[in-house]
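Asker: Here the numbering used here is used: the first residue of the sequence shown is 652, the next is one more, and so on. Virtual Cβ for every residue (Gly too), placed ideally from N, Cα, C. Since we're looking at a predicted model, the values are computed, not measured.
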Amino acid sequence: EVFVPLSHAPGHAQVDFGETLGVIDGVECKLHYFAMALPHSDAFFIKAYPAETTEAFCDGHVSAFAFFGGVPLSILYDNTLIAVAKICGDGKRERTRIFSELQSHYLFDDKFGRPGKGNDKGNVEGIIGYGRRNFLVPAPRFNSFDELNARLEEQCLRRQDDTVRGHSEPISERLLRDLDALMALPPTPYDACEKVSTRATSISMVRYRNNDYSVPVAYAHHEVQVRGIMLKACLRHDVHEVVIHCPAVDCTAINERGLRRRGDRPPSTARQAIAKQSLRGAVLREGRHGVRSDALPASSGAKGRGIGSGRTTQRLGPAH
652 EVFVPLSHAP
662 GHAQVDFGET
672 LGVIDGVECK
682 LHYFAMALPH
692 SDAFFIKAYP
702 AETTEAFCDG
712 HVSAFAFFGG
722 VPLSILYDNT
732 LIAVAKICGD
742 GKRERTRIFS
752 ELQSHYLFDD
762 KFGRPGKGND
772 KGNVEGIIGY
782 GRRNFLVPAP
792 RFNSFDELNA
802 RLEEQCLRRQ
812 DDTVRGHSEP
822 ISERLLRDLD
832 ALMALPPTPY
842 DACEKVSTRA
852 TSISMVRYRN
862 NDYSVPVAYA
872 HHEVQVRGIM
882 LKACLRHDVH
892 EVVIHCPAVD
902 CTAINERGLR
912 RRGDRPPSTA
922 RQAIAKQSLR
932 GAVLREGRHG
942 VRSDALPASS
952 GAKGRGIGSG
962 RTTQRLGPAH
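(1) Roughly how many angstroms separate the alpha carbons of Glu-703 and His-683, rounded to a whole number?
(2) Which same chain residues end up closer than 6 Å to Ile-749 when comparing Cβ atoms and leaving out the 5 residues on each side of it in sequence?
(3) Using the DSSP secondary-structure output, state which residues sit across from Cys-680 in a beta bridge.
(4) In angstroms with no decimal places, state the Cα-to-Cα distance between Ile-854 and Cys-844.
(5) On the three-state DSSP scale, how would you describe Asn-861?
(6) Over what stretch of residues does the beta strand (DSSP E) that includes Glu-703 continue unbroken?
(7) Could you say which of Gly-720, Gly-742, Thr-671 lies nearest to Lys-762 if we only look at CA atoms?
(8) Check each candidate in Met-834, Val-875, Asn-785 and name the one with the smallest Cα separation from Ile-726.
(9) Using the three-state DSSP reduction, which class does Glu-804 fall into: helix, strand or coil?
(10) Does the stretch 779 to 790 come within contact of the stretch 663 to 673, defined as at least 3 CB pairs closer than 8 Å?
(11) In whole angstroms, give me the CA-to-CA distance for Gly-764 and Ser-848.
(12) Taking only three categories from DSSP, how would you classify Tyr-841?
(13) CA-CA distance, Ala-734 and Pro-791?
(14) Should Ser-692 and Asp-829 be called a contact, given that it needs their Cβ atoms to be closer than 8 Å?
(15) Under 8 Å between the Cβ atoms of Pro-838 and His-756?
(16) I need the straight-line Cα distance from Asn-774 to Gln-811, nearest angstrom please.
(17) Looking only at its own chain, which residues have a Cβ that is under 6 Å from the Cβ of Pro-766, when we skip the five neighbours before and after it?
(18) Give a yes or no on whether the C-beta atoms belonging to His-818 and Arg-850 are separated by under 8 Å.
(19) Does the separation of the CB atoms of Ser-919 and Gly-720 fall below 8 Å?
(20) Which residues does DSSP pair with Gly-773 in a beta bridge?
(21) Secondary structure at Leu-689, three-state DSSP: helix, strand or coil?
(22) Could you tell me whether the Cβ atoms of His-659 and Pro-690 are closer together than 8 Å?
(23) Can you tell me whether DSSP reads Thr-849 as helix, strand or coil?
(24) Under 8 Å, do Phe-759 and Pro-723 count as touching if we go by C-beta distance?
(25) Give me the residue from Glu-804, Val-868, Asp-710, Tyr-728 with the minimum Cα distance to Lys-768.
See below:
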């Protein structure tokens, strides 16, 4: 086989999972980390989970969309059983129910690589290796997954200052083109949890993932819905919340989806980081050249891409 470098249009993404070892709350365990890469800019988002489950897959998407402040036009996957129920004879994929819900909520185009051909999504494959070598070696030690993921997000943002081989612009500059091409987020995020309908027993217990959860005696013999993510469980009857067996579970109901105008969406974590980087550069140039921002007329100086209502920033001092 012969390979050639690919050029990627802004606004498209690739997704995959990686594995490594770590220590969480003093216990050594395998970490499964979700990665979403934007190949045009080489920006990416990584989040770790205790297992590569359907809930982790969906929550990774929700977190990545919030991080970038928008939804990619298309996302390229391998043929994970979480998303693909069946590979049809014509090359099309039959989606799983959960993945269909996720895709319908955010309206991105889903694409799939050829079976066994990881190079079809080579950008995110490279990010999986980069994240392991640079973010997760030596084995990370944290009190919780929340602490670990806060650290990973910080490292993803710091990576945007780099200029990768073959490019003259830093990742943050190219990321602006990616962010401009993203679709707006829906008003409410997808409810990234497993939903299972079951019935409470005569002793007011509900079984979920080989564990028994108690409910008030009034709900014995009643149908309930279990909403679970990882080791957390929330139980409902009809539209009423019955009991939460882990207070960290988000039990907010999914509202009817609407569309938000692009101008209404708040700055994403990625955009805020770029804005801070631009501000740091302005302060450095001010100190170097003795130029005060309040001494510049509104129309003076070259304008560059940035964050703000006019989507421009005032450059302080001469460009280099």
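Answerer: Checking against the coordinates, here is how it stands:
(1) 6 Å
(2) Thr-705
(3) Gly-673
(4) 26 Å
(5) coil
(6) That residue, Glu-703, is in no beta strand (DSSP E); it is neither H nor E in DSSP.
(7) Gly-742
(8) Met-834
(9) helix
(10) yes
(11) 34 Å
(12) coil
(13) 29 Å
(14) yes
(15) no
(16) 16 Å
(17) Asn-730
(18) no
(19) yes
(20) Partner(s): none; Gly-773 has no beta bridge.
(21) strand
(22) yes
(23) strand
(24) yes
(25) Tyr-728
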